[in-house]
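Colleague:
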DNA sequence: AGGTTTCGATTGACAAGTCAGTCAATCATT
DNA sequence: AATGATTGACTGACTTGTCAATCGAAACCT
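Residue numbers (my numbering), protein chains in the order written: chain F, 1246 to 1462; chain Y, 1246 to 1462.
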């Protein structure tokens, strides 16, 4: 124990408020819950929330930005490796799915409450979200230059389709439309990459034709 | 003209309120706008909104259900045809994209305020949304039985990836992350189907292996 | 060691404002 | 006159953000 007894360290209180916010936001949604709910859940006085955060919005901002920035860093890091585009995309899918596995409430809040309010909040969030698409698109572009991915599919589109597919999986888990267990998490990672890359990669035959009729090679 | 002059037909007023609601919901979001905003936009008195609708939520419910049911019918109709799975999925993508082209405000409201907030409303919406996934999954299953789609990818997962990719395109247009013009709408339809089916269909070679090495068949 | 000052952390009652929903009255049409 | 549509002021409930007061720990002094 470090600074225990009657009062805990300031940063613990701040973190306790953030943790409590994740729980109540996930439970009833950002709009439906009150600042007093956060304070009650964290076991602190109402006013303390305003001591650490400028507003209720600011609490949500902090939750989103802290997590999103970790993801942006992760994407940049992965892209810097020598792995194939497929492996890079698998790493991203893994990261997002594992984020959900590790803290489903936080991911629920980010997907349900932040994305929804992305336009009513400042443009800040929108810019960060867009940045993620851009970095994924950069991976696709790299693969296109190397001839591994079809060049005729716009990289920006592909990135959004990829991210959209992943987000829909999480949505399925969040709203209990899909079974959410360890096995399905792993299957989801593989499915998303297999589905998207199977369509993006230039395979030996069948460039995108509907029928599986083999041509004269 | 039928019942014109000083007072228009009741159903016109009701529709005027719905149309106004779409506009104000799209502009500032469902939660951020007041019932008085709807009434003002529609040019009717505050109380009239409550004459036609039981609550503010009920207005949103109506907007969502009326449109969503049209889509559900459309999917069932398409699935009953003899078209290939790829053509069926293209028809669905077309319908959704065209819905956005025809009434972007309404689609924005449905995606931003309903689809992503489905848990805060009753289970009614969730069930309708799930029904859409189920119908798309049925198309995938049909293709799997016919040997046109890979059997090892869960149909439910595939359906969600497909819908998620489309919804992400709309999100891109809604938040002005993607160029929204006629040409891009058409490209988006093709991209989504090409991306998803390219990965789902059993092509002559490369069953899902990363490398395009041809096996001895 | 004991007393005291300082200052950020913490409290919770309160002011000020918001908004959904109600309802009694009015209007138009038949 | 009867019926249903329409009005908009009003109520009641609820919320955010403020703020003056209090607390606790450490530094500072004697």
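Beta carbons are placed, not taken as given, at the ideal position from N, Cα and C, and that holds for glycine. Every value quoted in this text rests on a predicted model; they were computed, and no experiment measured them.
For chain Y, find out if any of its Cβ atoms is closer than 9 Å to the Cβ of residue 1338 of chain F; answer yes or no.
Modeller: no
Colleague: In this structure, does DSSP put residue 1270 of chain F in helix, strand or coil?
Modeller: helix
Colleague: What separation, rounded to the nearest whole angstrom, lies between the Cα atoms of residue 1310 of chain Y and residue 1298 of chain Y?
Modeller: 14 Å
Colleague: Within the region 1375-1460 of chain Y, note down every full alpha helix (DSSP H) run reaching 4 residues or more, in order along the chain.
Modeller: 1400-1419, 1427-1445
Colleague: My understanding is that residue 1324 of chain Y touches residue 1380 of chain Y, with C-beta atoms under 8 Å, so please give their C-beta distance in whole angstroms.
Modeller: 7 Å
Colleague: Going by CA-CA distance only, name the one from F:1396, F:1399, F:1436 that's closest to residue 1402 of chain Y.
Modeller: F:1436
Colleague: Can you pull out the residues from the region 1432-1446 of chain Y whose beta carbon lies closer than 8 Å to at least one beta carbon of chain F?
Modeller: Identification of residues in the region 1432-1446 of chain Y having a C-beta nearer than 8 Å to some C-beta of chain F yields 1432, 1433, 1436, 1437, 1439, 1440, 1441, 1442, 1443, 1444, 1445, 1446, given in sequence order.
Colleague: Consider the Cβ of residue 1290 of chain F: report whether some Cβ of chain Y lies at a distance smaller than 9 Å.
Modeller: no
Colleague: Determine the contact status of residue 1351 of chain Y and residue 1271 of chain Y, defining contact as a CB-CB distance below 9 Å.
Modeller: Yes.
Colleague: If the cut-off is 9 Å on Cβ atoms, which residues from the region 1301-1329 of chain Y count as contacting chain F, listed in chain order?
Modeller: 1329
Colleague: In angstroms with no decimal places, state the Cα-to-Cα distance between residue 1442 of chain Y and residue 1385 of chain Y.
Modeller: Rounded to whole angstroms, the separation of the alpha carbons of residue 1385 of chain Y and residue 1442 of chain Y is 10 Å.
Colleague: Give the residues of chain F in contact with residue 1401 of chain Y, contact being defined as C-beta atoms less than 7 Å apart.
Modeller: 1423
Colleague: What does the Cβ neighbour count give for residue 1300 of chain Y, buried or exposed, with the cut at 16 atoms within 10 Å?
Modeller: exposed
Colleague: Closer than 8 Å, Cβ to any Cβ of chain Y: which residues of the region 1378-1403 of chain F, in chain order?
Modeller: 1378, 1398, 1399, 1401, 1402, 1403
Colleague: Which value, in whole angstroms, describes the spacing of the CA atoms of residue 1261 of chain F and residue 1302 of chain F?
Modeller: 17 Å
Colleague: Where do the N-terminal and C-terminal ends of the alpha helix (DSSP H) with residue 1320 of chain Y fall, by residue?
Modeller: 1301-1324
Colleague: If residue 1375 of chain F sits next to residue 1422 of chain Y, beta carbons under 8 Å apart, how far is it from one beta carbon to the other, in whole angstroms?
Modeller: Indeed they touch by this definition, with Cβ atoms about 5 Å apart.
Colleague: Are the C-beta atoms of residue 1374 of chain Y and some chain F residue less than 9 Å apart?
Modeller: yes
Colleague: Which bits of chain F does residue 1405 of chain Y rub up against, with CB to CB less than 9 Å?
Modeller: 1410, 1413, 1414, 1416, 1417, 1422, 1423
Colleague: Beta-carbon within less than 7 Å of residue 1404 of chain Y's beta-carbon, same chain only, minus the 5 sequence neighbours each way: which residues are those?
Modeller: 1378, 1381, 1382, 1385
Colleague: So residue 1433 of chain F packs on residue 1342 of chain F, CB below 8 Å; how close in whole Å?
Modeller: Between residue 1342 of chain F and residue 1433 of chain F the Cβ distance is about 6 Å, and since that is below 8 Å, they are a contact.
Colleague: Examine chain Y for any beta-carbon lying closer than 9 Å to the beta-carbon of residue 1369 of chain F, and answer yes or no.
Modeller: no
Colleague: Could you pull out every residue in the same chain whose Cβ sits closer than 8 Å to the Cβ of residue 1333 of chain F, ignoring the five residues on either side in sequence?
Modeller: 1323, 1324, 1326, 1384
Colleague: To which residues of the same chain is residue 1259 of chain Y closer than 8 Å at the C-beta, ignoring the five residues directly before and after it?
Modeller: The beta carbon of residue 1259 of chain Y sits closer than 8 Å to those of 1297, all from its chain and outside the five residues before and after it, given in chain order.
Colleague: At 7 Å on the CB atoms, spell out the chain F contacts of residue 1279 of chain Y, in chain order.
Modeller: None at all; the shortest Cβ gap to chain F is about 14 Å.
Colleague: From residue 1360 of chain Y to residue 1366 of chain Y, what does the alpha carbon distance come to, in whole angstroms?
Modeller: 10 Å
Colleague: Below 7 Å CB to CB, which residues in the same chain sit around residue 1416 of chain F once its five sequence neighbours on both sides are set aside?
Modeller: 1356
Colleague: Using a Cβ-Cβ cutoff of 8 Å, what residues of the region 1260-1273 of chain F are near chain Y? List them in chain order.
Modeller: 1273
Colleague: On a CA-only basis, which of Y:1328, Y:1413, Y:1257 is nearest residue 1289 of chain Y? Give me that one, please.
Modeller: Y:1257
Colleague: Is there a C-beta anywhere in chain F that falls below 9 Å from the one on residue 1361 of chain Y?
Modeller: The C-beta of residue 1361 of chain Y comes closer than 9 Å to at least one C-beta of chain F.
Colleague: Starting from residue 1276 of chain F, find everything on chain Y with Cβ-Cβ shorter than 7 Å and list it in chain order.
Modeller: 1276
Colleague: Within 10 Å of its beta-carbon, does residue 1526 of chain Y have 16 or more other beta-carbons around it, so buried, or fewer, so exposed?
Modeller: This structure leaves residue 1526 of chain Y out entirely; chain Y is present only between 1246 and 1462.
Colleague: Within the continuous alpha helix (DSSP H) that includes residue 1287 of chain Y, where are the two ends?
Modeller: 1280-1287
Colleague: Along chain Y, which residues have their Cβ under 9 Å away from the Cβ of residue 1342 of chain F?
Modeller: None at all; the shortest Cβ gap to chain Y is about 12 Å.
Colleague: Can you tell me the Cα-Cα spacing of residue 1391 of chain F and residue 1413 of chain Y, whole angstroms?
Modeller: Straight through space, the alpha carbons of residue 1413 of chain Y and residue 1391 of chain F are spaced by roughly 27 Å.
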